[in-house]
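Q: One structure, as structure tokens, below. Some questions next.
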Amino acid sequence: MKTVTCTAPVNIAVIKYWGKRDTELILPTNDSLSVTLSQDILHSKTTISASKDYTQDRLWLNGKEEDITKNRRMHNCFRETRALREKMEQADSTLEPLSTYNVHVCSENNFPTAAGLASSASGLAALVYTLAQLFDLNVTVSELSRIARQGSGSACRSLFGGFVAWEKGEAKDGSDSMAVQVAPESHWPELEALVCVVSDAKKGTSSTEGMQHTVQTSPLFQERLNIVPGRMEAMKKAILERDFQSFAELTMRDSNQFHSVCLDTYPPIFYLNDTSRAIIQLVHAYNNSSPDGKLKAAYTYDAGSNAVIYAPKENMREIIQLISHYFPSQDAATYFTDPYNVIAGAPLGQDFVPQGHASFNEKVIPVFAPGSVSRLLHTKVHDGPRILASEDDSLLNAEGLPK
Ligand code: DP6
């Protein structure tokens, strides 16, 4: 029996992937670019063991056994990695025939799924990365990203740390549609992120379903496809030059455009709610209050109501105070745990600058009911998947069952 455990990070796009030109191979209609967030705060962890004694492939997701054969996208990732292993075994008969063994997979997120945070990217990236370790695959990270892409498009970007582009590629078979690292996490350590978990009872339209409705019905989407290539270049330049002004404006504009094509989809798709929209206004008010006219923060939203605010480290204390003033906690114990000690025990929601500035008119942006934002997660730009070598980290016991 061979067992491997790995973790993979969440990534949040600043140029959004939305639309497929091939739904089976998961080939996108446009390039996208994301920032990899720290696994110390958010990650998916996966343990996989392979044994000749296992009678079938088995899968446990967040503590519940699932039928692995029903998950076609996961199945594609297994098929691709097993095929690569099989080739290695054919070339070298001394290798253990792992490709012929059944596997047990156990995977969990360190964040509650109920928080509505995207978990498919980190989950599928963790699966593919762990399979590659298990099978000792001799492939580049970009090659591996091509496999993860077939699990969930955005997962291909979670195989790298730092700043990551997914190049849409041109080939029909998807051979050139993969992720590449634009810059490592060490490139821009001042850039940080605050995830604002927005309470939202309703179950939204899934990305998979929503994006194809957009492709089929939105005329505005065709215009977006002409705009993204220029934005990709501008965004790469902004990152390479650590130019927060350009980075912030492009990020906000691209999030707004993505949600505009959702609204232009027929029937329309709404991902933002009142709280999300108020956070947008608040970030603009905060940027307007900047004495030198410089942008201090940028918001972005995926296919849901949660906000991710990117900002330089020096503004984070102010932003946390600002958000917690307008969106106060309901449960102080879980609302904000201050992992990087920026608030250092000071009262939350009071000390934001500049108090009384005309931008912060409570008639325009009211203080919301406690709990409208349920959690604030302060995080940083960080590394790609990690291998956890210690037995203690394994999610499976010696019998190959969940611990
Ligand atoms: C809005 O990667 O979840 O988060 O490929 O169908 O699994 P599938 O979709 P998914 O879509 C993510 C869309 C997005 C934007 C992004 O992450 O770029």
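Just so we're aligned: the sequence shown equals residues 35 to 437 in my numbering. Note that beta-carbon positions come from the ideal geometry of N, C-alpha and C, so glycine has one too.
With a Cβ-Cβ cutoff of 8 Å, do residue 201 and residue 211 count as a contact?
A: In contact: residue 201 and residue 211 (Cβ atoms closer than 8 Å).
Q: Any idea if residue 421 is buried or exposed, counting beta-carbon neighbours within 10 angstroms, 16 or more meaning buried?
A: Exposed is the call here.
Q: In angstroms with no decimal places, state the Cα-to-Cα distance between residue 338 and residue 158.
A: Using only the alpha carbons, I get a separation of about 19 Å.
Q: Ligand 1 and residue 186: does the residue's C-beta get closer than 7 Å to at least one heavy atom of that ligand?
A: Flag set: Cβ of residue 186 near ligand 1.
Q: Where do the ends of the beta strand (DSSP E) carrying residue 215 lie?
A: Run containing residue 215: 212-217, per the beta strand (DSSP E) assignment.
Q: Should residue 269 and residue 48 be called a contact, given that it needs their Cβ atoms to be closer than 8 Å?
A: Yes.
Q: Quick check: the Cα distance between residue 253 and residue 302, rounded to an integer number of angstroms?
A: Looking at the two C-alpha atoms, the distance is approximately 13 Å.
Q: Under the three-state reduction of DSSP, which class applies to residue 45: helix, strand or coil?
A: In this structure, residue 45 counts as strand in the three-state DSSP scheme.
Q: Would you tell me roughly how many angstroms separate the C-alpha atoms of residue 79 and residue 393, rounded to the nearest one?
A: About 43 Å.
Q: Given a threshold of 16 other Cβ atoms within 10 Å of its Cβ, counted over all protein chains shown, does residue 424 qualify as buried or as exposed?
A: Its Cβ having fewer than 16 others within 10 Å, residue 424 is exposed.
Q: Please confirm whether residue 354 and residue 411 have their CB atoms less than 8 Å apart.
A: The answer is no: Cβ separation not under 8 Å.
Q: By how many angstroms is the C-alpha of residue 195 removed from the C-alpha of residue 84?
A: So the two alpha carbons sit approximately 28 Å from each other.
Q: Please give me, in chain order, every unbroken run of the beta strand (DSSP E) with length at least 3 that falls completely inside the stretch 181-255.
A: For the stretch 181-255, whole beta strand (DSSP E) runs of length 3 or above, ordered along the chain, are 197-201, 212-217, 225-232.
Q: So, residue 406 versus residue 361, is the Cβ gap smaller than 8 Å?
A: Closer than 8 Å, so yes.
Q: Say whether the stretch 126-141 touches the stretch 85-103, bearing in mind that this needs 3 or more beta-carbon pairs closer than 8 Å, one atom from each stretch.
A: Contact holds: three or more Cβ-Cβ distances are below 8 Å.
Q: In three-state DSSP terms, what is residue 126?
A: DSSP places residue 126 in coil when its eight states are reduced to three.
Q: List the DSSP bridge partners of residue 143.
A: Residue 143 is bridged to 78.
Q: Would you please state the rounded distance, in angstroms, between the beta carbons of residue 102 and residue 413? I believe it to be under 8 Å.
A: Their Cβ separation, rounded to whole angstroms, is 31 Å, which puts residue 102 and residue 413 out of contact at 8 Å.
Q: On the DSSP bridge list, what partners appear for residue 346?
A: Per DSSP, 225.
Q: Mapping the DSSP letters down to three states, classify residue 100 as helix, strand or coil.
A: Strand, per DSSP.
Q: With burial defined as no fewer than 16 other Cβ atoms inside 10 Å of the residue's Cβ, what is the status of residue 180: buried or exposed?
A: By the neighbour-count rule (16 or more Cβ atoms within 10 Å), residue 180 is buried.
Q: I want to know whether the stretch 100-116 touches the stretch 161-175 - three or more CB-CB distances under 8 Å.
A: They touch, by the three-pair rule.
Q: Over the uninterrupted beta strand (DSSP E) stretch that includes residue 333, give me the two end residues.
A: Residues 332-334.
Q: What residue does the beta strand (DSSP E) around residue 421 start on, and which one ends it?
A: Element bounds for residue 421: 420-422.
Q: Sorry if obvious, but does the Cβ on residue 206 come closer than 7 Å to a heavy atom of ligand 1?
A: False, no ligand heavy atom lies under 7 Å from that Cβ.
Q: Check whether the Cβ of residue 51 lies closer than 7 Å to any heavy atom of ligand 1, and answer yes or no.
A: True, at least one ligand heavy atom lies under 7 Å from that Cβ.
Q: Going by DSSP, which residues form a beta bridge with residue 414?
A: 226.
Q: Output the boundary residues of the alpha helix (DSSP H) element that contains residue 289.
A: Taken as a continuous stretch (DSSP letters only), the alpha helix (DSSP H) holding residue 289 covers 278-298.
Q: Kindly examine ligand 1 and report whether one of its heavy atoms sits closer than 7 Å to the Cβ of residue 406.
A: Answer for residue 406: no, Cβ out of range of ligand 1.
Q: Quick one: what does DSSP say residue 372 is sitting in, helix, strand or coil?
A: Residue 372: coil per DSSP, three-state reduction.
Q: Which first and last residues belong to the beta strand (DSSP E) in which residue 326 is found?
A: Note, residue 326: premise wrong, no beta strand (DSSP E); not H, not E.
Q: What are the start and end residues of the beta strand (DSSP E) that includes residue 69?
A: Residues 66-70.
Q: What separation, rounded to the nearest whole angstrom, lies between the Cα atoms of residue 6 and residue 292?
A: Any property of residue 6 remains undetermined from this structure, which presents the chain solely from 35 to 437.
Q: State the DSSP-derived secondary structure class of residue 380, mapped to helix, strand or coil.
A: Of the three classes helix, strand and coil, the one that applies to residue 380 here is coil, per DSSP.
Q: CA-CA distance, residue 309 and residue 232?
A: Taking the straight line from one Cα to the other gives about 7 Å.
Q: DSSP state of residue 36, grouped into three classes?
A: Looking at residue 36 - three-state DSSP - the assignment turns out to be strand.
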